[in-house]
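Right, one structure below, let's go through it.
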Amino acid sequence: SWQKILKCSLILFVLGNLVSLTATSMLSFGALRFITGLGSGGMVSLTFTIIGITAKADRNFSLLIMGVLTYGAFGLWSMPAAFEAVGMNGVIIFFAVFGSSGWWFLSHLPDSGEEQLQVEDDAVNLSYGLRVFALLAMFTYFLAQGVIWAYLFLIGLNGGVSEQEVANGLMLSQFLGIAGAMIAALAGNRFGRILPLAIGILGGGVVLSWLFGTFTSLVYAITVCVYNFAWNMTHPFLLASMASFDQHGKVVVYAVAAQMLGLAIGPAFAASLIQQNDYNLVIMAGMALFLLSFLMILIPLLAHQRQRQRLQ
Numbered sequence: 001s002w003q004k005i006l007k008c009s010l011i012l013f014v015l016g017n018l019v020s021l022t023a024t025s026m027l028s029f030g031a032l033r034f035i036t037g038l039g040s041g042g043m044v045s046l047t048f049t050i051i052g053i054t055a056k057a058d059r060n061f062s063l064l065i066m067g068v069l070t071y072g073a074f075g076l077w078s079m080p081a082a083f084e085a086v087g088m089n090g091v092i093i094f095f096a097v098f099g100s101s102g103w104w105f106l107s108h109l110p111d112s113g114e115e116q117l118q119v120e121d122d123a124v125n126l127s128y129g130l131r132v133f134a135l136l137a138m139f140t141y142f143l144a145q146g147v148i149w150a151y152l153f154l155i156g157l158n159g160g161v162s163e164q165e166v167a168n169g170l171m172l173s174q175f176l177g178i179a180g181a182m183i184a185a186l187a188g189n190r191f192g193r194i195l196p197l198a199i200g201i202l203g204g205g206v207v208l209s210w211l212f213g214t215f216t217s218l219v220y221a222i223t224v225c226v227y228n229f230a231w232n233m234t235h236p237f238l239l240a241s242m243a244s245f246d247q248h249g250k251v252v253v254y255a256v257a258a259q260m261l262g263l264a265i266g267p268a269f270a271a272s273l274i275q276q277n278d279y280n281l282v283i284m285a286g287m288a289l290f291l292l293s294f295l296m297i298l299i300p301l302l303a304h305q306r307q308r309q310r311l312q
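In the UniProt record's numbering, the protein residues as written are 1 to 312.
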């Protein structure tokens, strides 16, 4: 039941935030944030699942990501002032109140997707092995993202760029990310998925080569903007691909979990590669993982293409 899952997740999220205000130690605070994250994760996973079983999933995933990025860009811009005005407690209260506003929208959702299921025109049921391989590709791609994104700020500082210029570059990259998602929304499935994914994944990996050694603030800004553009153009196509690998939207659920797992493990893996403030190995690992993820996702995409041709 979508209604029950979302209601329970929303309650966990709101209560987790509010009870966090009473934490008296880092251990208790961490435990409460974990509970809050469970609620948030439940809502995010089911939201992506719902989008995955809509018609024109490519476009709808793009619109969703554009909304998330716009909210994120506004958050980056307003967070320093918010901390200064109301402190951490005030920000957490805002998260709880803002999150609770989602309760009103629940009444407009069906209780399940069976009656509302809109299978993608090109959706097929790939074999179990290919679906697992696609999920591993998703994990590998977001492992690369976790490796790079977590250290982009420090890579900029290590390359000789000032803190403010690094912050400016990352802030600007948020808007290029919105543009990337917008391009994906406009393109939809008219060019297929292999070509956009090749451009997005390989392009996002290759541009990282500009971050070896020292560089100017302009080079850094251009690099992170191209990188974020490529990432957010790629993301909707990846999710839509996952939605096309089965006709029930189940692969998307596991794909979101693989995405979150990759983003969580990536920073820890990258930390093991840092040697005396040298981030070259981190950059090389990210580039290699991007290449590997494209080669991996190419296998189920080609299998999907062949299966579609046999059905026509």
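Idealized CB from N, CA, C, for every residue including glycine.
Being a predicted model, the structure only gives us computed values, none of them experimental.
- Can you check DSSP and say which residues form a bridge with Q275? D278
- Task: Sort V166, A23, I53 by Cα distance to S244 and report the nearest one.
- Result: Taking only the C-alpha atoms, the option nearest S244 is I53.
- Item | alpha helix (DSSP H) segment containing S28, residue limits | 26-52
- Query: Are there three or more Cβ pairs, one per stretch, closer than 8 Å when the region 92-101 is compared with the region 255-264?
  - Reply: Contact check between the region 92-101 and the region 255-264: fewer than three CB pairs, one atom from each, fall below 8 Å, which does not count as touching.
- N189 by DSSP, collapsed to three states: which one? coil
- Query: Is the CB-CB distance between I50 and A57 below 8 Å?
  - Reply: no
- Message: If contacts are defined as beta-carbon pairs under 8 Å, then G159 and Y220 qualify, I think. What distance do you get, rounded to the angstrom?
- Response: Confirmed, about 6 Å.
- Query: Quick one: what's got a C-beta closer than 8 Å to G203's C-beta in the same chain, skipping five residues either side?
  - Reply: V226, A230
- Query: In terms of residue numbering, what span does the alpha helix (DSSP H) encompassing I11 cover?
  - Reply: 2-20
- Item | Every unbroken alpha helix (DSSP H) within the region 82-155, with a cutoff of 4 residues, ordered by chain | 103-106, 128-149
- Task: Excluding the 5 residues preceding and the 5 following S9 in the sequence, name in chain order all residues of the same chain whose CB lies nearer than 7 Å to its CB.
- Result: G39, G42, M43
- Task: Indicate the three-state DSSP secondary structure (helix, strand or coil) for G177 in the structure shown.
- Result: helix
- Thinking C-alpha only, which one of A240, F215, W149, L211 is nearest R190? Between R190 and the set A240, F215, W149, L211, the nearest pair of CA atoms involves A240.
- Query: Can you name the start and end residues of the alpha helix (DSSP H) that S244 belongs to?
  - Reply: Going by DSSP, S244 is part of the alpha helix (DSSP H) stretching over 217-244.
- Query: Hey, quick one: how far does the alpha helix (DSSP H) through residue 323 stretch, first residue to last?
  - Reply: Since the first residue of the chain shown is 1 and the last is 312, residue 323 is not available in this structure.
- Item | Own chain, CB closer than 8 Å to L157, minus 5 neighbours either side, in chain order | E163, V166
- Item | Residues of its chain near S217, where Cβ-Cβ distance is below 6 Å and the 5 sequence neighbours each way are ignored | V161, E165
- Query: Do the region 273-282 and the region 61-72 touch if we need at least three Cβ pairs shorter than 8 Å?
  - Reply: no
- Message: Looking at P300: is its Cβ nearer than 8 Å to the Cβ of F133?
- Response: yes
- Task: Give every residue of the same chain whose Cβ lies closer than 6 Å to the Cβ of I155, excluding the five residues on either side of it in the sequence, and list them in chain order.
- Result: L211, Y279
- Residue environment, T36, which counts as buried when at least 16 other CB atoms sit within 10 Å: buried
- Taking only the alpha-carbon atoms, compute the straight-line gap between residue 315 and L208 and give it to the nearest angstrom. Coverage of the chain is limited to positions 1 through 312, which leaves residue 315 absent and any answer about it impossible.
- Residues near P196 in its chain [Cβ-Cβ closer than 8 Å; skip 5 each side]: A184, A187, M233, T234, F237
- Message: Let me make sure I understand the geometry here. Which of M182, L298, S173 has the alpha-carbon closest to that of N228?
- Response: S173
- Message: Can you find the residues in the same chain that come closer than 8 Å, C-beta to C-beta, to residue 323, ignoring five residues on each side of it along the sequence?
- Response: Shown here, the chain extends from 1 to 312; a query on residue 323 therefore has no answer.
- Task: Look at the alpha carbon of F29 and the alpha carbon of K7, and state the distance between them as a whole number of angstroms.
- Result: Roughly 23 Å separates the two Cα atoms.
- Query: Which of helix, strand or coil does DSSP assign to G249?
  - Reply: When secondary structure is reduced to three states using DSSP, G249 falls in the coil class, being assigned neither helix nor strand.
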